Each structure stands twice: as C-alpha cells, then as structure tokens.
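A quick write-up on the structure given underneath.
There are 4 protein chains.
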Amino acid sequence: MKQISISETVMFYDTDCGGVVSNIAYLRFVERARSALFAEMGMDIAAMNESQLFPAVIRTEIDYRFPARLGDVVNITASLSEVQKVKVTCEFRLWIGECVENGKLIAEAKQIAALVQMPSGRPRRTPSEWLGFIDS
Amino acid sequence: MKQISISETVMFYDTDCGGVVSNIAYLRFVERARSALFAEMGMDIAAMNESQLFPAVIRTEIDYRFPARLGDVVNITASLSEVQKVKVTCEFRLWIGECVENGKLIAEAKQIAALVQMPSGRPRRTPSEWLGFIDS
Amino acid sequence: MKQISISETVMFYDTDCGGVVSNIAYLRFVERARSALFAEMGMDIAAMNESQLFPAVIRTEIDYRFPARLGDVVNITASLSEVQKVKVTCEFRLWIGECVENGKLIAEAKQIAALVQMPSGRPRRTPSEWLGFIDS
Amino acid sequence: MKQISISETVMFYDTDCGGVVSNIAYLRFVERARSALFAEMGMDIAAMNESQLFPAVIRTEIDYRFPARLGDVVNITASLSEVQKVKVTCEFRLWIGECVENGKLIAEAKQIAALVQMPSGRPRRTPSEWLGFIDS
Chain P
0 MKQISISETV MFYDTDCGGV VSNIAYLRFV ERARSALFAE MGMDIAAMNE SQLFPAVIRT
60 EIDYRFPARL GDVVNITASL SEVQKVKVTC EFRLWIGECV ENGKLIAEAK QIAALVQMPS
120 GRPRRTPSEW LGFIDS
Chain S
0 MKQISISETV MFYDTDCGGV VSNIAYLRFV ERARSALFAE MGMDIAAMNE SQLFPAVIRT
60 EIDYRFPARL GDVVNITASL SEVQKVKVTC EFRLWIGECV ENGKLIAEAK QIAALVQMPS
120 GRPRRTPSEW LGFIDS
Chain U
0 MKQISISETV MFYDTDCGGV VSNIAYLRFV ERARSALFAE MGMDIAAMNE SQLFPAVIRT
60 EIDYRFPARL GDVVNITASL SEVQKVKVTC EFRLWIGECV ENGKLIAEAK QIAALVQMPS
120 GRPRRTPSEW LGFIDS
Chain F
0 MKQISISETV MFYDTDCGGV VSNIAYLRFV ERARSALFAE MGMDIAAMNE SQLFPAVIRT
60 EIDYRFPARL GDVVNITASL SEVQKVKVTC EFRLWIGECV ENGKLIAEAK QIAALVQMPS
120 GRPRRTPSEW LGFIDS
C-alpha cells in the first residue's frame with residue numbers, strides 16, 4: 000500500500016486561544032501529507048504544473064481525538080486506501096510520539112480527491128497503475 | 000429548529016492558485032456560521048468568556064460541491080440538527096445566489112461539538128433547553 | 000480623501016495560544032479593508048475580474064499597539080494616502096470602541112500596492128482620477 | 000552574528016488566485032524562521048513554555064520582491080540584527096535557488112519583538128548574553 004509519513008512542529012499560528020491547535024490548522028498538516036503522498040504516486044507539483052492535472056479535494060472528514068499544543072511534533076501518515084474511476088481516497092493519522100502504536104493519536108482524517116484537468120475543469124480518469132498501489 | 004444565516008465575500012486570501020476557494024478556507028466560513036449559531040443559542044463569545052464553557056469541535060465533515068471564486072458572496076446557513084448528552088451536531092449549507100432553493104450549492108458540512116469546561120478541559124452536559132431547539 | 004471603514008469580530012481562528020489575535024491574522028483584517036477601499040475607488044472585484052488589472056501588494060508595514068481578543072469588534076479604517084505613477088499607498092488604523100479618537104488603537108498599518116495587468120504581470124499606470132482622491 | 004536558515008515548499012494553501020504566494024502566507028514562513036532563530040538563541044518552545052516568557056511581535060515590515068509559486072522551495076534566512084533593552088530586531092531574507100547570492104530574492108522582512116512575561120503581559124529585559132550574538 001502506498002504510504003508516506005511527514006512531521007510538523009506546531010507553530011503559534013497553528014494554535015488558537017483555547018491553547019491548542021485550531022481545528023482548521025490540522026487541515027494544513029493534512030494537505031502537506033497529501034502532497035507528499037501524491038508526489039510518491041508520481042504527481043509531484045512539477046508534474047502537475049506540466050500536465051495541468053490536479054487532484055481536487057471533494058470531501059474531507061476529520062475526527063479530533065486529542066489536542067496538540069505549541070511546539071508538539073505532529074507526525075502525519077498518509078495512505079492511499081481506495082482508487083475509483085475518477086477519484087481516490089486518502090486516509091491520514093496524526094499522532095505524537097515515537098511510533099503510531101505507542102504514540103498519542105491526535106486526529107484521523109479521510110479525503111476524497113478527484114482528478115481534474117485544468118483549465119477546463121473536466122474530470123479525468125485515475126491512472127491505471129494506481130490500482131497497483133492498493134493491493135496487499 | 001434553531002437556524003441562522005450569514006454572508007461572506009470571498010477574499011484573495013480565501014482562494015488558491017487553482018483559481019477557486021481553497022478547501023481549507025471554507026472552514027473559516029463554517030466557523031463564522033457556527034459562532035453565530037451558538038450566539039443564537041445563548042453562547043455568544045462574551046458568555047463563553049464569562050462561563051469559560053466552550054464548544055470544542057470533535058468532528059468535521061465537508062463535501063465540496065461547486066467551486067466558489069474571488070468576489071462571490073457565499074451564504075452560509077447553520078442549523079442545530081441533534082442534541083446529545085455532551086455533544087451537539089450542527090449542519091451547514093454554503094450557497095451562492097438569491098435563495099438556497101434556486102441558488103448554487105457550493106458545499107455542505109456537518110460538525111459535532113462537545114461542551115468543554117476550561118481550564119480543566121472536562122466535558123460538560125449540554126443545557127437542557129437546547130433540546131427544545133430541535134423539535135418541529 | 001478616499002476613506003472607508005469596516006468592522007470585524009475576532010474569531011477563534013484569528014487568535015493564537017497567547018490568548019490574543021495572531022500577528023498574521025491582522026493582515027486578513029487589512030486585506031478586507033483594502034478590498035473595500037479599492038472598491039470605493041472603482042476597482043471592485045467584478046471590475047478587476049473584467050479588466051484583469053489587480054493591485055499587487057509590494058510592501059506591508061504594521062505596528063501592533065495593543066492586543067485584541069476573541070469576540071472583540073475591531074474597526075478598520077483604510078485611506079488612500081499617496082498616488083504615484085505605478086503605485087499607491089494605503090494607510091490603516093485598527094481600533095476597538097465607539098470612535099477612533101476615544102477608542103483603543105490596536106494596530107496601524109501601511110501597504111504599497113502596484114497595479115499589475117494579468118496574465119502578463121506588467122505594471123500599469125494608476126488611473127489619473129485617483130490623484131483627485133488625495134487632495135484635502 | 001546569530002543566524003539560521005530554513006526551507007519551505009510552497010503549498011496550495013500558501014497561494015492565491017493570482018497564481019502566486021499570498022502576501023499573508025509569507026508571514027508564516029517568517030514565523031517559522033523566527034521560531035528557529037529564537038530556538039538558536041536559547042528560547043525554543045519548551046523553554047518558553049517553562050519560563051512563560053514569549054517574544055511578542057510589535058512591528059513587521061515586509062517587501063515583496065518577486066512572486067513565489069506552487070512547489071517552489073523558498074529558503075528563509077533569519078538573523079538577529081539589533082538587541083535593545085526590552086526588544087530585539089530580526090531580519091529575514093526569502094529566496095529561491097542554490098544560494099542567497101545567486102538565487103532569486105523573493106522578499107525581505109524585518110520584525111521587532113518584545114519579551115513579554117505571561118500571564119501578566121509585562122515587558123521583560125532581553126538576556127544580557129544576547130548582546131554577544133550581535134558583534135562581528
């Protein structure tokens with residue numbers, strides 16, 4: 000299964016006056032992980048700029064499990080969980096600590112993205128080789 | 000049913016280089032509508048500052064239906080759809096146009112919030128009068 | 000002198016864990032006021048979309064005088080203070096209270112914007128009628 | 000002279016519909032560099048959390064020289080340029096390319112920060128050893 004991990008340190012601008020990371024800021028962490036995952040799948044930003052083929056997020060789900068705070072190092076694991084004709088599903092786990100099993104789970108998210116050809120905005124078929132990223 | 004509507008004009012900072020509103024920016028629109036809805040339910044910011052009782056978002060779902068663009072006036076309707084012991088569910092419709100029926104639906108979202116007593120972070124029961132906001 | 004005023008209520012996403020409005024968030028308030036000022040000068044977003052002529056910010060200065068907090072209503076006054084061949088200077092005052100004289104000054108900012116023709120990115124001359132917006 | 004460098008890749012959420020990095024997004028890059036510089040000076044986030052002594056930005060100046068775009072790797076160099084009794088000045092250069100001399104200068108910024116003791120909000124003297132970070 001295609002999967003990547005990144006780490007991000009919580010900045011002041013990620014937090015709100017509740018003292019914890021704002022529910023909106025987590026989506027920046029998710030976008031960074033999604034970009035890294037698509038790069039791993041052959042769609043890095045240079046490739047997207049050339050092909051003008053972009054993944055457009057059409058659905059986001061996120062469950063906030065435990066608050067992260069200023070200075071926390073948040074690990075984000077992104078994996079490709081489903082490939083359909085014109086869309087793919089990515090799953091994300093955000094956690095603090097040495098490894099995801101022993102760490103503290105901060106949030107879980109899922110995003111569905113559709114491939115869109117710019118500038119027409121027309122949907123495009125997902126590359127057939129992406130199906131191979133799912134098995135086992 | 001408790002329901003409010005607000006309008007927001009799309010700013011440059013709400014858009015991304017795809018030419019449309021960023022999937023993250025929609026959550027600012029949702030937060031503004033949620034704040035207005037909670038104010039209508041008796042929890043405006045002054046009341047929250049005094050009671051130190053805050054709604055913490057524990058889940059967000061959002062479906063992006065149609066892209067909004069720079070200068071669009073986005074209407075956001077927020078309604079309270081469920082009241083449970085320690086959490087409530089709010090639903091949001093974002094649309095462009097004269098009315099939600101004839102307008103263009105931009106996005107739909109749902110958020111679940113839990114009431115939290117600060118600074119302890121303990122969950123609190125939802126006010127019993129909120130149940131009355133749901134019927135009919 | 001061309002001048003406009005707007006008001007914004009501080010949202011959770013505008014604050015950081017210092018309990019006050021983030022230094023970055025003030026620039027959203029400034030951008031909203033700048034957009035309203037340019038609309039007053041004949042460059043609203045519809046006009047910009049048609050002409051493809053946009054003001055690009057080339058310099059920002061901001062002094063943070065006093066912290067604003069969650070729920071504060073921040074008033075922002077924007078005025079056109081200088082018109083040059085290819086750029087204009089806008090000045091901003093952000094304050095809380097009934098009027099700018101008796102209110103609490105939160106921040107002062109200045110932005111220089113150049114008119115840019117898209118998609119070429121070429122600089123364009125400021126409209127000659129804008130000089131009339133400065134005197135007295 | 001105390002100086003650090005970091006690199007950031009431009010994400011979708013950093014850009015706006017002009018196709019380039021939003022003038023507001025640059026301040027996130029600056030904040031990341033400022034955090035790294037203060038860590039180098041002995042004030043990392045763990046130390047700040049313990050001492051409750053925080054640098055509050057009281058002035059920002061930023062000149063936008065050349066637009067950065069999606070996927071660009073922006074290098075940010077931050078240096079401590081002045082130490083006064085209760086405030087310090089930091090200078091930032093943002094550039095693209097192999098080195099700052101041969102690279103493309105994207106933006107230059109300056110921030111003045113005052114040390115503030117939380118929760119009282121009282122200003123505090125800058126540590127005397129910081130003067131040693133300036134010479135030569």
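Chains as they are written, first to last, in numbering that gives the first Met the number 0: chain P, 0 to 135; chain S, 0 to 135; chain U, 0 to 135; chain F, 0 to 135.
Glycine included, each C-beta is placed from N, C-alpha and C at the ideal position.
Keep in mind that this is a model prediction, so the values were computed, not measured.
**OP:** With 7 Å as the C-beta to C-beta threshold (strictly closer), list the residues of the segment 34–59 of chain P near chain F in chain order.
**Re:** From the segment 34–59 of chain P, only S34, I44, A45 and N48 have a Cβ closer than 7 Å to chain F.
**OP:** Jot down the residue ranges of each uninterrupted alpha helix (DSSP H) in the segment 11–76 of chain U, minimum 4 residues, whole runs only, in chain order.
**Re:** As far as the segment 11–76 of chain U is concerned, its whole alpha helix (DSSP H) runs of at least 4 residues are 25–39 and 44–50.
Subject >> Buried/exposed call for U/P118, threshold 16 Cβ in 10 Å >> reply: Locating residue 118 of chain U in the third sequence gives position 119, counting from the first residue. Counting every other CB atom within 10 Å of its CB across the protein chains shown gives U/P118 a total below 16, marking it as exposed.
**OP:** Go through its chain and collect everything with a Cβ distance to U/E90's Cβ below 6 Å, but skip five positions before and after it.
**Re:** Numbered from its first residue, the third sequence carries residue 90 of chain U at position 91. Closer than 6 Å at Cβ, skipping near neighbours: S78, S80 and K109.
**OP:** Name, in chain order, the residues that DSSP records as bridge partners for U/S78.
**Re:** Locating residue 78 of chain U in the third sequence gives position 79, counting from the first residue. DSSP lists U/Q2 and U/E90 as partners of U/S78.
Original post:
Just by C-beta distance, which residues in the segment 19–32 of chain F are closer than 7 Å to chain P?
Top reply: Cβ contacts with chain P: R27, E30 and R31.
**OP:** Answer with yes or no whether the minimum CB distance from F/I95 to chain U is below 8 Å.
**Re:** In the fourth sequence, residue 95 of chain F corresponds to position 96, counting from 1. For F/I95, not one C-beta of chain U is nearer than 8 Å to its own C-beta.
**OP:** Check whether the Cβ of F/I137 lies closer than 8 Å to any Cβ atom in chain U.
**Re:** The shown model of chain F, from 0 to 135, leaves out residue 137 of chain F, and the question about it has no answer.
**OP:** Mark P/N101 as exposed unless 16 or more other C-beta atoms lie within 10 angstroms of its C-beta, in which case mark it buried.
**Re:** Translated into positions along the first sequence, residue 101 of chain P becomes position 102. P/N101 is exposed by the Cβ-count criterion.
Original post:
Nearest to F/R121 by CA position, among U/F65, U/G131 and U/C98, is which residue?
Top reply: Position 122 of the fourth sequence holds residue 121 of chain F. Just measuring C-alpha positions, the residue of U/F65, U/G131 and U/C98 sitting nearest F/R121 is U/F65.
Original post:
Do you know whose CA, among F/G131, F/P126, F/Y25 and F/R124, lies nearest F/L69's CA?
Top reply: Here residue 69 of chain F is taken as the residue at index 70 of the fourth sequence, counted from 1. When the alpha-carbon of F/L69 is set against those of F/G131, F/P126, F/Y25 and F/R124, the nearest one is in F/Y25.
Original post:
Which residues bound the beta strand (DSSP E) around S/L114?
Top reply: Your numbering for residue 114 of chain S matches position 115 in the second sequence. Counting along the chain, the beta strand (DSSP E) containing S/L114 begins and ends at K103 to Q116.
Original post:
Buried or exposed: which applies to S/C16, given that a residue is buried once 16 or more other Cβ atoms fall within 10 Å of its Cβ?
Top reply: As a first step, residue 16 of chain S must be located in the second sequence, where it is residue number 17. S/C16 counts as buried, since no fewer than 16 other beta carbons sit within 10 angstroms of its beta carbon.
Original post:
Count the other CB atoms within 10 Å of the CB of F/A113; is the residue buried (16 or more) or exposed (fewer)?
Top reply: Here residue 113 of chain F refers to the residue found at position 114 of the fourth sequence. Only buried fits F/A113, as 16 or more other CB atoms lie within 10 angstroms of its CB.
Subject >> Reference S/R33, options S/P126, S/I111, S/S127 and S/D62, closest by Cα >> reply: In the second sequence, residue 33 of chain S corresponds to position 34, counting from 1. When only C-alpha atoms are compared, the closest one is S/I111.
Original post:
When DSSP labels each residue in this structure, what does U/E100 get in the three-state scheme?
Top reply: The residue you call residue 100 of chain U lines up with position 101 of the third sequence. Coil, per DSSP.
**OP:** Please check if any C-beta of chain P sits within less than 8 Å of the C-beta of U/Y150.
**Re:** With chain U running from 0 to 135 in the structure shown, residue 150 of chain U is simply not present.
Original post:
Would S/V85 pass as a contact of P/N22 if the rule is Cβ separation under 8 Å?
Top reply: Stepping through the second sequence from its first residue, residue 85 of chain S is reached at position 86. Stepping through the first sequence from its first residue, residue 22 of chain P is reached at position 23. For the 8 Å CB-CB criterion, S/V85 and P/N22 do not form a contact.
Original post:
If S/F28 and S/V99 are in contact, beta carbons under 8 Å, what's the gap, nearest whole angstrom?
Top reply: Locating residue 28 of chain S in the second sequence gives position 29, where the first residue counts as 1. Locating residue 99 of chain S in the second sequence gives position 100, where the first residue counts as 1. 15 Å between Cβ atoms; not a contact.
Original post:
Going along chain F in order, which residues have a C-beta closer than 7 Å to the C-beta of P/G70?
Top reply: Locating residue 70 of chain P in the first sequence gives position 71, where the first residue counts as 1. By Cβ distance, chain F contributes I44, A45 and N48.
Original post:
Comparing alpha-carbon positions, which option in U/T76, U/F132, U/Q83 and U/D71 lies nearest U/E107?
Top reply: In the third sequence, counting from the first residue as 1, residue 107 of chain U sits at position 108. Nearest C-alpha to U/E107: U/T76.
Original post:
What separation, rounded to the nearest whole angstrom, lies between the Cα atoms of P/N48 and F/V9?
Top reply: Here residue 48 of chain P corresponds to residue number 49 of the first sequence, with the count starting at 1. Here residue 9 of chain F corresponds to residue number 10 of the fourth sequence, with the count starting at 1. C-alpha of P/N48 to C-alpha of F/V9: approximately 13 Å in a straight line.
Subject >> Distance, U/E128 Cα to U/D43 Cα >> reply: Position 44 of the third sequence, counted from the first residue, corresponds to residue 43 of chain U. Position 129 of the third sequence, counted from the first residue, corresponds to residue 128 of chain U. Those two C-alpha atoms are separated by around 16 Å.
Original post:
Can a CB atom of chain S be found closer than 8 Å to the CB of F/T14?
Top reply: Locating residue 14 of chain F in the fourth sequence gives position 15, where the first residue counts as 1. Yes, F/T14 counts as interfacial toward chain S.
Original post:
Thinking just about the alpha-carbon of each residue, which of P/V19, P/M40 and P/T88 is nearest to the one in U/Y12?
Top reply: Working through the third sequence from its first residue, we reach residue 12 of chain U at position 13. Comparing Cα positions, the closest option is P/V19.
**OP:** Mind checking who P/T8 pairs with in its DSSP beta bridge?
**Re:** Taking the first sequence and counting its residues from 1, the one referred to as residue 8 of chain P is at position 9. DSSP lists P/V72 as partners of P/T8.
Original post:
If we cut at 8 Å on Cβ distances, does S/Q17 have a partner in chain P?
Top reply: Mapped onto the second sequence, residue 17 of chain S falls at position 18. According to the sequence shown, residue 17 of chain S is Gly rather than Gln. Chain P, which has a Cβ nearer than 8 Å to the Cβ of S/G17, makes this yes.
Original post:
According to DSSP, what are the bridge partners of U/R121?
Top reply: As a position in the third sequence, residue 121 of chain U is number 122, starting the count at 1. In the DSSP output, where bridge partners are listed per residue, U/R121 has U/Q116.
Original post:
Where does P/M0 land, buried or exposed, given buried means 16+ other C-beta within 10 angstroms?
Top reply: Position 1 of the first sequence, counted from the first residue, corresponds to residue 0 of chain P. By the 10 Å Cβ count, P/M0 comes out exposed.
Original post:
Does the distance from the C-beta atom of U/R123 to that of U/L104 stay below 8 Å?
Top reply: In the third sequence, counting from the first residue as 1, residue 123 of chain U sits at position 124. In the third sequence, counting from the first residue as 1, residue 104 of chain U sits at position 105. Against a cut-off of 8 Å, the Cβ pair of U/L104 and U/R123 comes out as no contact.
Original post:
Whose Cβ in chain U lies nearer than 9 Å to the Cβ of S/F91?
Top reply: Your numbering for residue 91 of chain S matches position 92 in the second sequence. Per Cβ cutoff of 9 Å: no residues; S/F91 is ~15 Å from chain U at best.
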